[in-house]
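Numbering-wise, this note's numbering puts 142 at position 127 of the sequence shown, and it's gapless, one number per residue.
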Amino acid sequence: MKTRTQAHELRPSVESDYDAIAEVWHSSASLPGVGPPTMPTLGELRKWVDLEFAAGWSVTVGVRGGNVVGFVAIKRSQAVLDQLFVRPGSIGNGLGRALLSEAMAAMPNGFTLFTRSANTRARRFYEKAGLVFLRHDVHPRTGDPVAYYGWNIR
Numbered sequence: 016m017k018t019r020t021q022a023h024e025l026r027p028s029v030e031s032d033y034d035a036i037a038e039v040w041h042s043s044a045s046l047p048g049v050g051p052p053t054m055p056t057l058g059e060l061r062k063w064v065d066l067e068f069a070a071g072w073s074v075t076v077g078v079r080g081g082n083v084v085g086f087v088a089i090k091r092s093q094a095v096l097d098q099l100f101v102r103p104g105s106i107g108n109g110l111g112r113a114l115l116s117e118a119m120a121a122m123p124n125g126f127t128l129f130t131r132s133a134n135t136r137a138r139r140f141y142e143k144a145g146l147v148f149l150r151h152d153v154h155p156r157t158g159d160p161v162a163y164y165g166w167n168i169r
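What follows is the structure, encoded as structure tokens:
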């Protein structure tokens with residue numbers, strides 16, 4: 016289903032979006048305090064995108080002017096919001112909230128996610144949207160401190 020929000024169109028991703036998804040992920044995760052201490056290269060993230068789609072990612076992209084400027088990746092079978100990123104120049108215009116709403120609609124029985132503990136912008140964003148802080152832990156691959164959140168968790 017396609018929806019529009021403040022000059023953005025939301026739609027299911029297609030294979031031709033994979034490069035752009037990796038670019039959005041890399042540019043946003045490269046912001047201070049957002050991604051891991053040692054940021055993967057764009058090429059490494061591009062390979063990761065293929066692996067995640069093969070493993071069952073369901074992705075909605077936000078498009079503006081024909082370009083992918085944000086995405087949300089979910090793992091429905093695990094009730095996990097896996098990634099939500101908006102290109103730095105598009106942050107603050109409602110696209111992130113629209114993508115989060117897509118995840119909520121896709122997983123109405125609830126989901127969890129984690130973000131870096133140092134990512135205060137993301138933490139405020141999730142808390143403002145009604146997600147509940149669950150616990151502090153460490154990233155399963157990097158060992159970096161992360162904060163877990165839940166939405167509609169019973």
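C-beta atoms are modelled at their ideal positions from N, C-alpha and C, and glycine is treated no differently.
Fair warning: this is a prediction, and the values are worked out from it, not measured in the lab.
How about residue i and residue j: do their beta carbons lie closer than 7 Å?
i, j, result
"L25", "G77", "yes"
"V83", "S105", "no"
"A118", "V87", "yes"
"F100", "W40", "yes"
"Y163", "L149", "yes"
"S132", "V95", "no"
"D159", "P51", "yes"
"R102", "H23", "no"
"G48", "N134", "yes"
Buried or exposed, going by whether 16 or more other CB atoms sit within 10 Å of the CB of residue i?
i, result
"S43", "buried"
"L114", "buried"
"T130", "buried"
"S45", "exposed"
"S28", "buried"
"A137", "buried"
"M16", "Residue confidence is low: M16 scores 47 on pLDDT, short of 50, so the model does not pin down where it sits. No coordinate-derived value is stated."
"Q98", "buried"
"I168", "exposed"
"R19", "Because R19 sits at a pLDDT of 46, beneath the cut-off of 50, its placement in the model cannot be relied upon, and the following sentence gives the value as read from the coordinates. By the neighbour-count rule (16 or more Cβ atoms within 10 Å), R19 is not buried but exposed."
"D34", "exposed"
Below 8 Å on the Cβ atoms is my guess for residue i versus residue j; work out the distance and round it to an integer in Å.
i, j, result
"L57", "E38", "7 Å"
"G111", "K90", "Going by Cβ atoms, the distance from G111 to K90 rounds to 19 Å, so no, they are not a contact pair."
Exercise for the section: For the region 153-161 and the region 119-127, state whether three or more C-beta atom pairs, one from each stretch, are separated by less than 8 Å. Expected result: Contact between the region 153-161 and the region 119-127 is absent, because fewer than three Cβ pairs lie under 8 Å.
Handout entry: Length-filtered (3 minimum) beta strand (DSSP E) runs lying within the region 72-148
Key = Those beta strand (DSSP E) runs which fall completely within the region 72-148 and span 3+ residues are 73-79, 82-90, 95-101, 126-131.
Handout entry: Ranges of the beta strand (DSSP E) found wholly within the region 17-53, counting only runs of at least 3
Key = With a minimum length of 3 residues, the continuous beta strand (DSSP E) runs that stay inside the region 17-53 are 18-20, 23-27.
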